[in-house]
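K.L.:
Residue numbers (the working numbering): 1 to 273. C-beta: ideal position from N, C-alpha, C; glycine also.
(1) List the whole-angstrom C-beta distance separating residue 233 from residue 184, where the pair is believed to meet the contact cut-off of C-beta under 8 Å.
(2) Can we say the stretch 163-170 touches the stretch 141-148, given the rule of at least three CB pairs closer than 8 Å?
(3) Under a Cβ-count criterion, where at least 16 other Cβ atoms within 10 Å of its own Cβ denotes burial, should residue 156 be classed as buried or exposed?
(4) State the DSSP-derived secondary structure class of residue 162, mapped to helix, strand or coil.
(5) In the DSSP assignment, the beta strand (DSSP E) including residue 199 goes from what residue to what residue?
(6) I'd like the span of the beta strand (DSSP E) that includes residue 4, first residue to last.
(7) Within 10 angstroms of the Cβ of residue 44, are there 16 or more other Cβ atoms? Answer buried if so, exposed if not.
(8) Comparing alpha-carbon positions, which option in 269, 252 and 242 lies nearest residue 223?
(9) Are residue 122 and residue 140 touching if we call contact CB-CB under 9 Å?
(10) Between the stretch 52-59 and the stretch 73-92, are three or more C-beta pairs nearer than 8 Å?
(11) Counting C-beta neighbours from all protein chains within 10 Å, is the total for residue 28 16 or more, i.e. buried, or is it exposed?
(12) Starting from residue 126, follow its DSSP beta bridges and name the residues at the other end.
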């Protein structure tokens, strides 16, 4: 179920069941989970991923008492996703289906279903200008080292729109998040669930202007100097200025964790918190 709440008080205003039929086999699912929820920039709507059934709901909150919901069939096992650079198109992973669904939030319809192996896991994904293919959105993956780049400019670069224009090779599978910034030339990719500790404790960083060069591997966990523990490096996030990247270093419950701050320009350690 999903809950619509008052924005000021967080009082629940409406609870809505998500039970229903799966998008492919048309089987009834009694308890499908809600995954990503994002707010449309085009209409008074929430875009709601229903994981196990594979439906994307456009929930119009203009009249909560007489709730209007549009159901878009996509692919099963919907999870997380993010906007393209124009905030019109929502790209979201149906991870175990090995698909990326693209929703046109302006026209309120499914724009494309794109193959992306294996078990894509974009977080919010990463938008940047590819030197050859123009605007792209990128996702990494849990199941392999693939970093899939998808064209996102149907107006200015129609031949590449909603197509895989390039697949980069990262450190390995087990990735959860990929990140860049409009002011940066770097593309950061983690792999905290990789079984190789050297990989799970490091970060891969690509030069967007020279992707063929491959990635540089930075020993983030080693820089944290935490001692024993799994020290999984996860979720690069930029500061507002776009000149620092912050990484979580996760250890066990009884072990010390840290936040590591890296200078985006030099790729050097700046601070351990």
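P.N.:
Taking the geometry as given:
(1) For the purposes of this step, residue 233 is identified with residue 233 of the chain shown, where counting begins at 1. For the purposes of this step, residue 184 is identified with residue 184 of the chain shown, where counting begins at 1. Actually they are not in contact, since the Cβ atoms of residue 233 and residue 184 sit about 18 Å apart, beyond 8 Å.
(2) Because the criterion of three Cβ pairs below 8 Å is met, the stretch 163-170 and the stretch 141-148 touch.
(3) Taking the first residue of the chain shown as position 1, residue 156 is located at position 156. Under a 10 Å Cβ-count criterion, residue 156 is classified as exposed, with fewer than 16 other Cβ atoms of the shown protein chains found around its own Cβ.
(4) Against the chain shown, residue 162 aligns to sequence position 162. Residue state, collapsed to three classes: coil.
(5) On the chain shown, residue 199 is found 199 positions in, with the first residue counted as 1. The continuous stretches of beta strand (DSSP E) do not include residue 199, which lies in the alpha helix (DSSP H) extending over residues 197-200.
(6) Here residue 4 is taken as the residue at index 4 of the chain shown, counted from 1. Bounds of the beta strand (DSSP E) holding residue 4 are 2-5.
(7) Residue 44 sits at position 44 when you count from the first residue of the chain shown. With fewer than 16 Cβ atoms within 10 Å of its Cβ, residue 44 is classed as exposed.
(8) For the purposes of this step, residue 223 is identified with residue 223 of the chain shown, where counting begins at 1. Minimum Cα-Cα distance from residue 223 among the listed residues 269, 252 and 242 corresponds to 269.
(9) Position 122 of the chain shown, counted from the start, is the residue given in the question as residue 122. Position 140 of the chain shown, counted from the start, is the residue given in the question as residue 140. Contact flag set, yes.
(10) With a cut-off of 8 Å, the stretch 73-92 and the stretch 52-59 count as touching, because enough Cβ pairs lie within range.
(11) Your numbering for residue 28 matches position 28 in the chain shown. Exposed.
(12) Working through the chain shown from its first residue, we reach residue 126 at position 126. Note: residue 126 sits in a beta bridge opposite 138.
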